[in-house]
Each structure stands twice: as structure tokens, then as C-alpha cells.
Amino acid sequence: GENVEQHPSTLSVQEGDSAVIKCTYSDSASNYFPWYKQELGKRPQLIIDIRSNVGEKKDQRIAVTLNKTAKHFSLHITETQPEDSAVYFCAPLGGNDMRFGAGTRLTVKP
Amino acid sequence: NAGVTQTPKFRILKIGQSMTLQCTQDMNHNYMYWYRQDPGMGLKLIYYSVGAGITDKGEVPNGYNVSRSTTEDFPLRLELAAPSQTSVYFCASSLQLSPLHFGNGTRLTVT
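Okay, here's the thing in C-alpha cells:
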């Protein structure tokens, strides 16, 4: 199965700053790269995803960039707001078993 | 569409008891997954299925069993519950290479 690493494990930023979370994977056959957000006590929900034929995708304040050669992809959040505080998970998919990174706890201080 | 429905929401088991966590989806998704999430930790894949009649082990399958007799249902069976199985269990479904749709989870305590 896929080996997935996320960095950093915790991230604290001031409101309005940017946040970047990096996900490294091992399976060169991976071709689907989602990011999920999980608020306290709730289920994970998709916030953005990218497929292997695209290098970057943006949705308002959120973007994902993919470097297939180096086998990593990153989540970028600009103009952070307190409601962005949550745990973020990457889950690169190569085969059929979707495995998650260990998560990054983002705290946005007002 | 109800999406992914998990029952029960909460359950307390005694050591050695057995139970089945139910999961059903109405989106005609081929792929279904079971994850467990320990407090403050990430999601670990227990079992998954790519279609009716097909199941495969994930990262942490020991102590669990699954079946997939229909596209809609993917129950998770715990035999001989142990305190180490205290966790929140999430069921999810998807199409191929598509986002996971999660249920609301089942909070299980084994004492």
C-alpha cells in the first residue's frame, strides 16, 4: 500500500496569513490527489482534489499543486480565517485502497 | 439522496462481546471503505470493497470482518471486542478516482 507522509503535523498562523501543507507519497502510479478537512467531532469532507494530468488547481482561497516527479502535492490556503482551523488530511490514490496521511492540525489565530 | 448512513451512532460493548456496524449508501457507488480514527489521530483503513462480492484488507484488519453482498451495504463485524477497538468508525463510499463520501461515524467504546 501507499506510504503517505504529511508535514507539518501542526501549523499555527495569524488570520490573513497563508498556510501550506505538504504531502509526500511513495506509489509512482498514484493518479488522484485529494485533500480533506475535518472539523472537531465531524466527518472528513473533501475541500479540493487534483488528477495527475493537471499541475495546479485553485478554488477561491484554496489551491493544490502537484509535483509527480518528486511525488508530492501541497495544499495552499491564502487569507486564512478562523473557520479554516481544522485538521487537514491528504489521501493520494494509486490502487483501490485510499490511505490517509497522519493529518495536519491548522490553527488560525484571530 | 441520504448519502452514506451509519448505525448505530454510539455503542458501548463489554470485552468479548460482538457487534455489527451497519453502513449503507444510496449513490450507487462501487467503492466502499471502513476506517477507524482513534482520538487525536488520523484515519486507518480497515477493509475496503471495489464492488459487490469483493473485499480486501486495509492497514488494520485484525479483529474485524466485512461482507459486501449488495452494492448498497457494507457491514463491519467485530468479534470478541477488545479495549484496543475503542475508536470512531467511519464508513465511506466513492466512484473510481473520486472523492470519498463519509458517513457521520459510529463512536464505539469497549470496556
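Protein sequence lines, in the order shown, are assigned to chains A and B. The opening residue of the first sequence carries number 226 in the numbering used here; numbering runs sequentially from there. The opening residue of the second sequence carries number 9 in the numbering used here; numbering runs sequentially from there. All residues carry an ideal CB built from backbone N, CA and C; glycine is no exception.
Minimum C-alpha distance to residue i - residue among the options
| i | options | result |
| --- | --- | --- |
| residue 62(B) | 48(B), 25(B), 41(B) | 41(B) |
| residue 261(A) | 278(A), 309(A), 240(A) | 309(A) |
| residue 97(B) | 25(B), 9(B), 23(B), 68(B) | 68(B) |
| residue 66(B) | 241(A), 263(A), 250(A), 321(A) | 321(A) |
| residue 60(B) | 45(B), 81(B), 49(B) | 81(B) |
| residue 108(B) | 53(B), 17(B), 78(B) | 53(B) |
| residue 93(B) | 27(B), 38(B), 79(B) | 27(B) |
| residue 29(B) | 106(B), 95(B), 104(B), 105(B) | 95(B) |
| residue 292(A) | 285(A), 251(A), 307(A) | 251(A) |
| residue 110(B) | 236(A), 249(A), 287(A), 263(A) | 263(A) |
| residue 295(A) | 311(A), 284(A), 280(A), 306(A) | 280(A) |
| residue 14(B) | 104(B), 43(B), 23(B) | 43(B) |
| residue 105(B) | 287(A), 241(A), 254(A) | 254(A) |
| residue 239(A) | 231(A), 270(A), 313(A), 303(A) | 303(A) |
Boundaries (first-last residue) of the beta strand (DSSP E) holding residue i
| i | result |
| --- | --- |
| residue 89(B) | Here residue 89(B) belongs to no beta strand (DSSP E), and DSSP marks it neither H nor E. |
| residue 44(B) | 39–45 |
| residue 227(A) | Per DSSP, residue 227(A) belongs to no beta strand (DSSP E) and is neither H nor E. |
| residue 33(B) | 27–33 |
| residue 19(B) | 18–21 |
| residue 53(B) | 51–59 |
| residue 281(A) | 281–284 |
| residue 82(B) | Unbroken run through residue 82(B): none, as it is neither H nor E. |
| residue 74(B) | 72–74 |
| residue 242(A) | Run containing residue 242(A): none; DSSP gives neither H nor E here. |
| residue 333(A) | 329–334 |
| residue 268(A) | Taken as a continuous stretch (DSSP letters only), residue 268(A) belongs to no beta strand (DSSP E), as it is neither H nor E. |
| residue 293(A) | Run containing residue 293(A): none; DSSP gives neither H nor E here. |
Neighbour flag for residue i against chain B, beta carbons, 9 Å
| i | result |
| --- | --- |
| residue 233(A) | no |
| residue 314(A) | yes |
| residue 274(A) | yes |
| residue 278(A) | no |
| residue 292(A) | no |
| residue 327(A) | yes |
| residue 261(A) | yes |
Cβ neighbour criterion (16 or more within 10 Å) applied to residue i
| i | result |
| --- | --- |
| residue 274(A) | buried |
| residue 324(A) | buried |
| residue 265(A) | exposed |
| residue 259(A) | buried |
| residue 119(B) | exposed |
| residue 117(B) | exposed |
| residue 50(B) | buried |
Neighbour flag for residue i against chain A, beta carbons, 9 Å
| i | result |
| --- | --- |
| residue 61(B) | no |
| residue 39(B) | yes |
| residue 71(B) | no |
| residue 24(B) | no |
| residue 64(B) | yes |
| residue 35(B) | no |
| residue 58(B) | yes |
| residue 51(B) | yes |
Nearest-angstrom Cβ-Cβ length linking residue i and residue j, presumed shorter than 8 Å
| i | j | result |
| --- | --- | --- |
| residue 112(B) | residue 330(A) | So it is not a contact: roughly 21 Å between Cβ atoms. |
| residue 319(A) | residue 278(A) | Actually they do not touch by this definition, with Cβ atoms about 15 Å apart. |
| residue 234(A) | residue 327(A) | 7 Å |
| residue 7(B) | residue 72(B) | With chain B covering 9 to 119 only, the question about residue 7(B) has no answer from this structure. |
| residue 76(B) | residue 102(B) | So it is not a contact: roughly 14 Å between Cβ atoms. |
| residue 334(A) | residue 299(A) | At roughly 22 Å, the Cβ-Cβ gap does not stay under 8 Å, so residue 334(A) and residue 299(A) are not in contact. |
| residue 89(B) | residue 21(B) | 4 Å |
| residue 301(A) | residue 249(A) | That pair is no contact at about 16 Å. |
| residue 243(A) | residue 332(A) | Not a contact, Cβ separation roughly 14 Å. |
Residue i Cβ short of 8 Å to the ligand MG heavy atom set
| i | result |
| --- | --- |
| residue 101(B) | Questions concerning the ligand MG fall outside what the structure shown contains, since it holds no ligand whatsoever. |
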